[in-house]
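Comments concern the structure below.
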Amino acid sequence: MFFFILINNNSNKMFFLFIMFFSTLISISSNSWFGCWIGLEINLLSFIPLISNSKNLLSVETSLKYFLTQSLASINFLFMILIKFSLLKNFNMNNIISIMMNSSLLMKMGSAPFHFWFPNIVEGLSWMNNFMLMTWQKISPMILLSYYFNKNFLIFMIIMNLIIGSLGGLNQTSLRKLLAFSSINNLGWMIFSIMISENLWLFYFLIYSMMIFMMISLFFLMNMYFMNQLFINNMNFFIKLNLLINFLSLGGLPPFMGFMPKWIIIKFLLINKFYFLTFIFMMTSLIIIYYYIRIIYSSFMFNYFKMKWMNLLMKNNMLLINLSSFISISSMILSTFIFM
Amino acid sequence: MCFNSFFFLFFFMLINFFFFVYFIMNGLSVFFEWEIISFNSMSIVMSILLDWMSLLFMMFVSLISSVVIFYSKSYMNSELNLNRLIILVLMFVFSMVLLIISPNLISILLGWDGLGLISYCLVIYYQNLKSYNAGMLTALSNRIGDVMILMVICWIMNYGSWNYIFYFDFMKNDYVMFIISFMIIIAAMTKSAQIPFSSWLPAAMAAPTPVSALVHSSTLVTAGVYLLIRFNYLLIDMFFFKVLLFLSILTMFMSGISANYEFDLKKIIALSTLSQLGLMMSILSLGFPDIAFFHLLTHAMFKALLFMCAGVIIHMMNDIQDIRYMGGLSLYIPLTSLCLNISNLSLCGIPFLSGFYSKDLILEMVSFNSFNLMVFILFYLSTGLTVFYTFRLIMYVMISDFNLMMIYNLYDEDYIMLNSMFVLLFMSLLSGSFLSWFIFFYPYMIYLPFNLKLMVIYVSILGSILGFMVSNMGIYSLNKLLLSYNLSSFLCLMWFMPNLSTYGLSYIYLNFSQILFKNIDMGWSEIYSGKGIFNILKNYSVFYNIYQMNNFKIYLFSFILWFMILFIFFFI
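Quick mapping for you: the protein sequence lines, in order, are chains A and B. Numbering follows UniProt numbering, with no gaps: position 103 of the first sequence is 103. Numbering follows UniProt numbering, with no gaps: position 195 of the second sequence is 195.
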């Protein structure tokens, strides 16, 4: 369903969507760095038609911004590949070349010190495009990162991600920017998980995409872009409940699904004696939870005495919403059977 | 409900009476033990000890409670929840019976806690703020005793069982027994309202009058005395008994003085109960438990009667309890006045009423066993004070003019109340002599000089003269008490004990907690935990958003700059 929403029943967009998927596959399954680079370029060029909408001035600007940042990162990536080919004879991970290659990949995925484009662009996209940006577009840079990375540099970048992701969202009122900063924070977790193992990353990434999909589809269906819209609308109780559950799940509160990958990563951190890093991980996710709770504050209250001026006439879509929050609640419990 | 309960309790009384006669005639005592659970050689048992003492006490309790229930049929006539009152009184009597018959600490606790809980329910029966406060004071004061009993249960576990009567002989000098006796004495002092804990007893006057008649005569307040009577083999010649002696004499003295300052009819009677309790406790701590028990029983009779008379008077006076409004009642309600006078004179120890037998015996035993001057003086002084406030009460209530209103409705034909009072009138006339024949197998031999023998008469005459004079004081002379305001407020407020046990306990902590709340909860911890962290994070976030507000070009340039720096590092 969601793909049809994304491509808006437009055959051209359908075409670009497939190209985008396949470009990612090209990039992550390629044998050489050039293949990777080609995949990244195709990905960029197929994503821009998806997000651009000639009727909307903002989206044109956004697609231009996206193009500029991605192409800048791609240029540097290509440049570093060439330098690496020509200068480095042996396979050495911890050198400046790896830092530079990682920097360009981090720029591509919108990771912390190079993330400044990310909230800007997110603000100009529709919800479903945001979903693509926050999930699918991060696959290929992250997989490529796992092939060749500088450990110390990346740990530093993880800390930057965590702190900037948590602090940046604190003052936001726009839901899209909030989710952008939360995705920056989650990027820290994901980069760490990909440093440990690809399976762990896959696990984290899948669950994160699932949660973010629930959130985004809810906001998309309710047509909400700012925080006060949640407060002034009269919502169906079940929608409120689903919003609450999914946000707590995204924040990583224990009984819900979102806690599980975080739990596993924290366990890995503690096994590998990254105590200080664990501290930062946990404290920043606390801040994240704080601003999630602020969003669903009105849903938390038994009696919320503020006047509500609008009625949100939305039916409770059983399949999408209830099922997804059922997954959020139960999958943590069900997963114990999987990992038994 | 009333009549059923009355008949039930009355027959229970008769059964107890016959068993008492049988047991005391044959010198029997029966001990049942039902083992409830046993583990690790500790057995929790429900034990029942029936001897003449417990049977006699049960007889008195059931007699008074039956009469009180009968009385409350009329006294609480238009009460909607009368059944609740009756049920509570029945449960109260039941827990008192549990306390009386069991020599086992765990099963004593059952009755002991039941008394505390149900006395709370009875005091708050009228459901207003005053009775709520009084009930809370009562319950919490008694709770100290409950805690002490609980701790005694813990300590006595060292001996392997909770039947304390088995350990009196050979464990007397044990250190643990020392602690146990201390705790038992504290518990008994809370129940019997001895001096640090005595503020609850006048406060408990918020209960309905029949309940006061029951609670303050034979059940709740005498539970502590009864416990100490049971424990007295252990406690005799111990240090704590000397402390208890002083405290109980002071209680007697204090309440005697306070009763003289008091104008509330029920409170005067309550304070006289307190003074009689002090008398019982003191004679007990001098080492005469049987005399203490004797006085307990006679006192129960005339004090219940006194309260019931007071209830009748309160009924007739449109619920006014202030004795200044009364006066000349003997002209209007002769039968009630008869009961009131007999019980009052019995309280004073006028010869051949029931109080005489016990009280005279107590005072002569005090004179006979040479104790120190302070004990002696306080004993006789408080006896004089008893007569003092009794005569003051009689003068205020019985003599002179009726002071309430032009229109009044004094009647003496409520025969439900009067009949129940006559039973107790009979008992308070006769129970002294009949008990002294029953329970003393041989009379106490007392040999005193003539003046010392007549000392009781002297102080009584002095007290009655003083009471007469005080009751004739006009408002002009009464206001002279304001000249010694500090002294008179000290004396009439029971030596500030109600304040000490309410404000005195809570003031410091409330003040301290307010300071803590202000400084910690709303101050430092707010700055350094919740609000402070939020402010820090918010400021960081604002600081970060300054970066986020830049031109898009600058972001791209910063990335290129980063690459430049890396290149420089790479080629160095």
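Where a beta carbon is used, it is the ideal one built from N, C-alpha and C, also for glycine. It should be emphasised that the depicted structure is a prediction, and the values quoted were computed from it without experimental measurement.
Glu364 (chain B) sits in a helix when the DSSP states are folded into three classes.
Using a CB distance cut-off of 8 Å, Leu537 (chain B) counts as an interface residue toward chain A.
At a cut-off of 8 Å, the C-beta of Trp562 (chain B) has a neighbouring C-beta in chain A. In summary, Tyr164 (chain B) is buried, with 16 or more beta-carbon neighbours lying within 10 Å of its beta-carbon over all protein chains present. Between Phe220 (chain A) and Trp127 (chain A), the alpha-carbon positions lie close to 6 Å from each other. At least one beta carbon of chain B lies nearer than 8 Å to the beta carbon of Lys65 (chain A).
Comparing C-alpha distances from Phe77 (chain A) to each of A:Leu45, A:Gly258, A:Trp37 shows the shortest one belongs to A:Trp37. At a cut-off of 8 Å between C-beta atoms, Pro119 (chain A) counts as an interface residue with respect to chain B. Neighbourhood of Leu162 (chain A) in chain B, by CB distance below 9 Å: empty, with the nearest CB roughly 13 Å away. Taking one beta carbon from each stretch, the stretch 23-39 of chain A and the stretch 140-148 of chain A have 3 or more pairs nearer than 8 Å; the two touch. With its beta carbon less than 8 Å from one in chain B, Asn76 (chain A) belongs to the interface. Classified as exposed, Asn539 (chain B) has fewer than 16 neighbouring CB atoms from the shown chains inside 10 Å of its CB. Within the stretch 541-552 of chain B, those residues whose Cβ lies closer than 9 Å to any Cβ of chain A are, in chain order, Ser541, Val542, Phe543, Tyr544, Asn545, Tyr547, Gln548, Asn550, Phe552. The beta strand (DSSP E) runs lying completely inside the stretch 7-55 of chain B and spanning 3 residues or more are 30-39, 42-50, given in chain order.
Burial is judged here by how many other beta carbons sit within 10 angstroms of a residue's own beta carbon; Met522 (chain B) has fewer than 16 and is exposed. Taking a contact as a CB-CB distance under 8 Å, the pair Ser255 (chain B) and Leu274 (chain B) counts as one, their CB atoms being some 4 Å apart. Apart from the 5 residues on each side of it in sequence, Pro103 (chain B) sits with its Cβ closer than 7 Å to the Cβ of Ser47, Leu49, Asn163, Tyr164, Ile165, Arg230 in its chain, given in chain order.
With the criterion set as a beta carbon lying under 7 Å from some beta carbon of chain B, the members of the stretch 99-114 of chain A are Ile99, Met100, Ser103, Met107, Phe114, in sequence order.
Secondary structure at Asp322 (chain B): strand, using DSSP grouped into helix, strand and coil. Phe226 (chain A) sits in a strand when the DSSP states are folded into three classes. C-alpha of Cys492 (chain B) to C-alpha of Ile249 (chain B): approximately 17 Å in a straight line. Residue environment: Met374 (chain B) is assigned as exposed (fewer than 16 neighbouring CB atoms within 10 Å of its CB, all protein chains considered). Shortest Cα-Cα distance from Phe239 (chain B) to any of B:Phe182, B:Thr209, B:Ile320 involves B:Phe182.
In the displayed model, Asn53 (chain A) falls within coil according to three-state DSSP, outside both helix and strand.
By the C-beta criterion, the stretch 108-121 of chain A is judged to be in contact with the stretch 63-73 of chain A, since at least 3 inter-stretch pairs fall below 8 Å.
At a cut-off of 8 Å between beta-carbon atoms, Gly258 (chain A) makes no contact with chain B. Partner residues in the beta bridge of Asp264 (chain B), as assigned by DSSP, are B:Asp322. Under the Cβ criterion of 8 Å, Tyr261 (chain B) is not counted among the residues facing chain A.
Contact with chain A is found for Leu556 (chain B), since one of that chain's Cβ atoms lies less than 8 Å from the residue's Cβ. For the stretch 507-519 of chain B, the set of positions with a beta-carbon nearer than 8 Å to some beta-carbon of chain A is empty.
Chain-order list of chain B residues neighbouring Gly168 (chain A): Ser541, Tyr544, Asn545, Gln548, by C-beta distance under 8 Å. With fewer than 16 other beta carbons inside 10 angstroms of its own, Asn403 (chain B) counts as exposed. With 16 or more other CB atoms across the displayed protein chains lying within 10 angstroms of its CB, Glu262 (chain B) is buried.
Of all residues in the stretch 174-199 of chain B, none is placed with a Cβ closer than 9 Å to any Cβ belonging to chain A. A straight line joining the alpha-carbon of Ser249 (chain A) with that of Ile327 (chain A) spans about 10 Å. In the three-state reduction of the DSSP assignment, Ser198 (chain B) falls in the coil class.
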